[in-house]
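With UniProt numbering applied, the sequence shown corresponds to residues 1 to 187, in that order. Presented below is the structure to which this report refers.
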Amino acid sequence: MLSVFGGKPTPSDDVCQLDIAFDELPQAYYKKSEDLTLFHSKKTGRGPLVEGWRKTFQPIMCSYKLVTVKFEVYGFQTRVESFTHKNIKDILLVGHRQAVAWMDEWYGMSLEDVRKFEMLLQEETNNKVKSQKTPSDDTISPVPIGGGRCSINRSTSWNSGSDAHAFADTTDSHEQKPRTRLPSAPE
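In structure tokens form, the structure reads like this:
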């Protein structure tokens, strides 16, 4: 059991250890320049990482992330929670691989240099996003109502035909017939 975040310890079944060099990575995220089995830092001389590197390399950084996902919808909960955890794992794996692979860009920077570098990258990203906007993007804007809140469109489903008739009576459309709805879960 591991107790990093205070409170009750995390069961070992819930702890996911990532190997930034050898864990499977979705093909869409793979970049040869970020492959740590091929990587070599010119500034530090570190790399490439070989099988079993965690037992022989010093120092090793531990990064603890607490991820809690709750999606309490019958029939979808397990799938959505598993999907979310897998994607977060992939994002963390890619991010930590990049931190090592880009080592020569940040190694030797002071904290002030890092902050300036972050601001520069944020500005470049914002400019890139702005330049990719299409002219039609500027014409679409939410309509503020009631103190600046935006309206939201919502979809509706009915559990019985009488609900559908009540809705149909309040709309201008003619001859809406309710559709029978099949039960989606056992009762």
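Cβ coordinates follow ideal geometry from the N, Cα and C atoms, glycine included.
Taking a contact to require three or more Cβ pairs closer than 8 Å, the region 92-107 and the region 70-83 do not qualify as touching. Contact fails between the region 55-71 and the region 117-129, because fewer than three Cβ pairs, one in each stretch, are under 8 Å apart. Contact between the region 16-23 and the region 36-52 is established, with three or more Cβ pairs separated by less than 8 Å. Cβ-Cβ distances below 7 Å link Leu92 to Leu18 and Lys65 in the same chain, with the five nearest sequence neighbours on each side left out; the list follows chain order. By the 16-neighbour rule on beta-carbons within 10 angstroms, Leu111 is exposed.
Scanning its chain for C-beta atoms nearer than 8 Å, with the 5 sequence neighbours on each side dropped, one finds around Leu25 the residues Asp90, Leu93, Val94 and Arg97, in chain order. Taken through DSSP and simplified to helix, strand or coil, Leu25 comes out as coil. In the DSSP annotation of this structure, the continuous segment of the alpha helix (DSSP H) that includes Arg79 starts and ends at Gln77 to Ala101. The distance from the Cβ of Pro11 to that of Ser3 is about 11 Å, inconsistent with a contact at the 8 Å cut-off.
A residue is called buried when at least 16 other Cβ atoms come within 10 angstroms of its Cβ; Leu38 does not meet this threshold and is exposed. The beta carbons of Lys32 and Met103 sit about 16 Å from each other, so the pair does not count as a contact at 8 Å. Measuring C-alpha to C-alpha distances from Phe5 to each of Val67, Ser82, Asn87 and Met109 identifies Val67 as the nearest.
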